[in-house]
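Each residue of the sequence shown is one higher than the one before, starting from 5 at the first, in my numbering.
Idealized CB from N, CA, C, for every residue including glycine.
Here's the structure we're looking at; comments come further down.
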Amino acid sequence: MLRRLESCVLAAAAGIAVTLGTIGIAGAANVTLSCGAVGLELEICKEGAEAWAAKSGNHVEVISTPNSATERLALYQQILAANSADIDVFQIDVIWPGILADHFIDLSKYIPQEEIDQHFKAIVENNTVDGRFIAMPWFTDAGLLYYRKDLLDKYDRPVPRTWQELEETARLIQAAEREAGNPKMWGFVYQAKAYEGLTVDALEWIDSWRGGTIVEPDGTISINNPRAAAALTWAAGTVGTIAPEGVLNYAEEESRGVFQSGNAVFMRNWPYAWALSQAEDSPIRGKVGVVALPKGGPDGKHTGGLGGWQLAVSKYSENPEVAADLVRYLTSYDEQKRRAIKGSYNPTIEALYRDPEVLAAVPFFGSLFDTFVNAVARPSRVTGAKYNQVSAEFFNAVHAVLSGEIDAKTAVAQLERKLERISRGGRW
Ligand code: GLC
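Listed below in structure tokens is the structure:
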């Protein structure tokens with residue numbers, strides 16, 4: 005898949021080119037960048053990488069990776085465990101520094117501190133492991149509620165403030181629209197496939213019910229509590245009623261597909277879905293509103309799961325300096341601005357949230373600023389290298405509840421025992 009041999013040869017050639025370059029003979033390096041391909045992501049990534057190549061005189065190869073964060077991590081672990089130089093720059097998830105840090109170089113040696121300091125402090129801290137700054141923030145993410153403004157207007161319904169209200173409105177509009185001739189209409193779509201995305205959706209339900217964060221920042225396993233169980237019970241009730249059964253196999257793009265074709269009233273998704281929903285050929289262009297996710301009842305709270313992606317340079321790279329220069333370019337103010345306007349990717353540079361052109365393209369970057377900065381984090385920091393195991397146990401348990409295989413109360417009790425075993429008594 006990665007054309008190992010071919011890229012080894014390329015990398016070796018690049019090594020020579022750089023050496024020649026440093027002794028004054030014109031030469032260009034080849035670097036390989038892995039990026040995501042969700043929605044417009046790959047296209048926008050390539051444009052940025054090519055602009056850097058044209059400016060710097062180097063060559064860049066962009067490699068696309070699986071959409072599922074779970075599958076992407078497995079692929080990265082394979083490549084990195086082989087100490088392979090095939091990929092120089094990795095796009096990594098906000099939850100991976102504790103898992104992958106050992107394979108990346110300390111970027112503070114290559115990127116000026118004042119540039120690093122422009123980015124949200126919490127993300128810079130997240131990307132600092134044992135004092136090493138291993139990844140530059142590229143874009144941040146928070147889960148949001150997308151809704152059809154036109155349909156809420158038509159049925160004279162307010163934007164829901166609680167999940168219970170959302171359910172009621174979803175039922176009503178779904179039934180009425182089906183009656184009016186659209187048998188494909190659904191009330192709510194989200195991500196419930198057994199993968200990392202479900203961990204985020206479920207954490208949002210639980211946090212909105214004030215049911216904790218699975219494992220708390222101090223290491224306490226908190227998942228076995230009545231609020232968490234109530235949140236999951238509510239979510240299980242949506243499957244096959246206001247959400248299609250198929251949601252059990254939906255990731256981000258499957259839910260966006262249904263919403264963007266006009267067949268859902270509400271969608272939970274990340275900010276990237278905004279730019280696509282507003283594209284010229286989008287059937288829902290101009291008909292979409294975006295707000296914070298609902299509360300789990302009147303005593304609950306609005307929340308959004310924290311996501312986001314960083315760029316890291318492999319320690320096996322044969323051109324770390326050139327690779328770090330590519331990272332510096334892609335994470336810069338101007339490039340983050342371009343990505344925000346074209347793809348609604350949330351900048352990690354705070355000043356961009358005051359940029360009029362950015363705010364005109366994505367108005368909710370302003371109105372939901374608090375949702376972005378207060379987004380609820382998955383327990384990756386405290387569980388460190390074990391996060392992936394914790395998340396897999398969690399999403400599998402949630403998936404079983406949503407599929408009706410087990411009730412939420414039993415599931416969270418069983419999960420607590422599994423997490424205790426993984427943590428060896430709370431010591432992560
Ligand atoms: C988004 C988020 C990422 C998360 C993933 C789950 O890409 O940015 O943090 O892990 O979705 O599907």
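According to the neighbour-count rule (16 or more other Cβ atoms, all chains shown, within 10 Å of its Cβ), is residue i buried or exposed?
i           : result
residue 197 : buried
residue 299 : buried
residue 5   : Because the pLDDT of residue 5 is 38, which lies under 50, any placement of that residue in the model is unreliable, and the question is left without a value.
residue 164 : buried
residue 87  : exposed
residue 159 : exposed
residue 188 : exposed
residue 235 : buried
residue 397 : buried
residue 171 : buried
residue 211 : buried
residue 92  : buried
residue 347 : buried
residue 409 : exposed
residue 186 : exposed
Grab me the residues of residue i's own chain with a C-beta within less than 8 Å of its C-beta, minus the 5 sequence neighbours each way, in chain order.
i           : result
residue 248 : 190, 193 and 262
residue 117 : none
residue 40  : 46, 49, 68, 69, 71, 76, 95 and 313
residue 267 : 186, 188, 189 and 190
Can you give me the Cβ contacts of residue i inside the same chain, cut-off strictly under 7 Å, excluding the 5 residues immediately before and after it?
i           : result
residue 101 : 130, 131, 133, 138 and 139
residue 379 : 146, 308, 309 and 310
residue 345 : 361, 362 and 365
Counting along the chain, where does the beta strand (DSSP E) carrying residue i start and finish?
i           : result
residue 36  : 34-39
residue 314 : 310-317
residue 65  : 63-68
residue 95  : 93-97
residue 272 : 268-273
residue 190 : 190-193
residue 366 : Taken as a continuous stretch (DSSP letters only), residue 366 belongs to no beta strand (DSSP E), as it is neither H nor E.
residue 250 : Here residue 250 belongs to no beta strand (DSSP E), and DSSP marks it neither H nor E.
residue 293 : 292-295
Relative to the C-alpha of residue i, which candidate in the options has its C-alpha closest?
i           : options               : result
residue 232 : 207, 341 and 154      : 207
residue 127 : 307, 99, 265 and 150  : 99
residue 97  : 70, 213, 225 and 210  : 70
residue 371 : 413, 223, 258 and 296 : 296
residue 377 : 228, 172 and 144      : 144
residue 85  : 74, 105 and 430       : 105
residue 57  : 373, 43, 186 and 36   : 36
residue 281 : 31, 44, 34 and 32     : 44
residue 264 : 245, 305, 253 and 284 : 284
residue 257 : 245, 242, 269 and 274 : 274
residue 157 : 121, 59 and 269       : 269
residue 320 : 277, 89, 155 and 81   : 89
residue 167 : 278, 62, 60 and 302   : 302
Check for me: the alpha helix (DSSP H) holding residue i runs from which residue to which?
i           : result
residue 148 : Per DSSP, residue 148 belongs to no alpha helix (DSSP H); it is in the beta strand (DSSP E), 148-152.
Might you give, ordered along the chain, the residues of its own chain that have their beta carbon closer than 6 Å to the beta carbon of residue i, omitting 5 neighbours on each side?
i           : result
residue 240 : 405 and 406
residue 136 : 110
residue 293 : 151 and 153
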